[in-house]
Amino acid sequence: MNQSQAAATVFVVDDDQAMRNSLKWLISSVGLPVEVFASADDFLRGHQSGRPGCMLLDVRMPGMSGLELQEVLGEKGITLPVIIITGHGDVPMAVRAMKAGAIDFIEKPFNDEMLLEGIRRALNLDERQRHAHLERAEVSARLAQLTPREHEVMSMVTDGKSNKEIAHELGVSAKTVEAHRARVMEKMQAGSLAELVRMALLCQSSEPA
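Add 5 to a position in the sequence shown, counting from 1, and you land on the number used in my numbering.
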């Protein structure tokens, strides 16, 4: 089974053994795969990058803290949605973790249903993110097939310019623009102008600022 086919897994990182056991039992009880780790280092050693799922992460742990682990995940390109689990005294730290990219934080002692609902939201988010990433990769591969002139025409078309305006700017005939436009639609596998615009916006959103 490759990573794209692997079941979404809940990765628990908490130094409290009783908490790990409790979370493993709870998450397993609703049929979700779960793996537990006693420290950030254990997780980094045992985790295979690219696996789908989400993380339940304790903020305060001996050695590498939850915040430090978040930084390392970012450096390694691991984009698993993170839910912070925290004691009452760690709320300010949990807020810092959310600013660093965590999607939620849950205080101990927690309500089981609330935690499971948060996990389901995190898994759904991970699925959506992975789908969007694959779609961007597919669109980028299609873009790479365009000639420089076809790139120009696509950019002008998706900016809302007419064939006549494009022909004037490029110094070619409207019929030539029509031919370029048809090839762009074919290579991009776009069924409509609206779909082509959506593809262009998708690629723009993935470009670094």
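Yeah, the Cβ is synthetic: ideal placement off N, Cα and C, and Gly gets one too. Since the structure is predicted, the reported quantities are computational estimates derived from the model, not experimental observations.
| Check | Outcome |
| --- | --- |
| Between the Cα of Leu198 and those of Val158, Ala172, Lys180, spot the shortest distance and give me the residue it belongs to. | Val158 |
| Count the other CB atoms within 10 Å of the CB of Asp164; is the residue buried (16 or more) or exposed (fewer)? | exposed |
| Helix or strand or just coil, what does DSSP make of Val162? | helix |
| Along the chain, which unbroken stretches of the beta strand (DSSP E) at least 3 residues long are found entirely within the segment 111–196? | none |
| Please report the straight-line C-alpha distance between Pro114 and Leu130, rounded to a whole angstrom. | 25 Å |
| Considering only the alpha carbon of each residue, which of Ser167, Leu175, Glu174, Ser145 lies closest to Met193? | Ser145 |
| Thinking C-alpha only, which one of Arg56, Ala23, Val18 is nearest Pro67? | Val18 |
| How long is the line joining the alpha carbons of Leu49 and Leu74, rounded to whole angstroms? | 9 Å |
| Report yes or no: do the segment 89–105 and the segment 168–187 share at least 3 C-beta pairs separated by less than 8 Å? | no |
| Within the same chain, show all residues whose beta-carbon is closer than 8 Å to that of Val162, passing over the 5 residues directly before and after it, in chain order. | Ile171, Arg186, Val189, Leu198, Leu201 |
| Helix, strand or coil for Met103? Go by DSSP, reduced to three states. | helix |
| Can you give me the Cβ contacts of Glu105 inside the same chain, cut-off strictly under 6 Å, excluding the 5 residues immediately before and after it? | Note that residue 105 corresponds to Ala in the displayed sequence, not to Glu. Excluding residues within five positions, the ones whose Cβ falls inside 6 Å are Gln75. |
| If you draw a straight line from the alpha carbon of Pro213 to that of Lys81, how long is it in whole angstroms? | Residue placement at Pro213 cannot be trusted, given a pLDDT of 45 that sits under 50; the coordinates are not used to answer. |
| Along the alpha helix (DSSP H) that carries Ile108, what are the first and last residues, could you check? | That residue, Ile108, is in no alpha helix (DSSP H); it is neither H nor E in DSSP. |
| Between which two residues does the beta strand (DSSP E) holding Leu61 run? | 58–63 |
| Could you compute how far the alpha carbon of Thr152 sits from the alpha carbon of Ser167? | 20 Å |
| Assuming Leu5 contacts Gly55 under a Cβ cut-off of 8 Å, what Cβ separation, rounded to an integer in Å, is found between them? | Look at the range of the chain in this structure, 6 to 214, and you will see that residue 5 is not part of it. |
| By how many angstroms is the C-alpha of Arg203 removed from the C-alpha of Ala195? | 10 Å |
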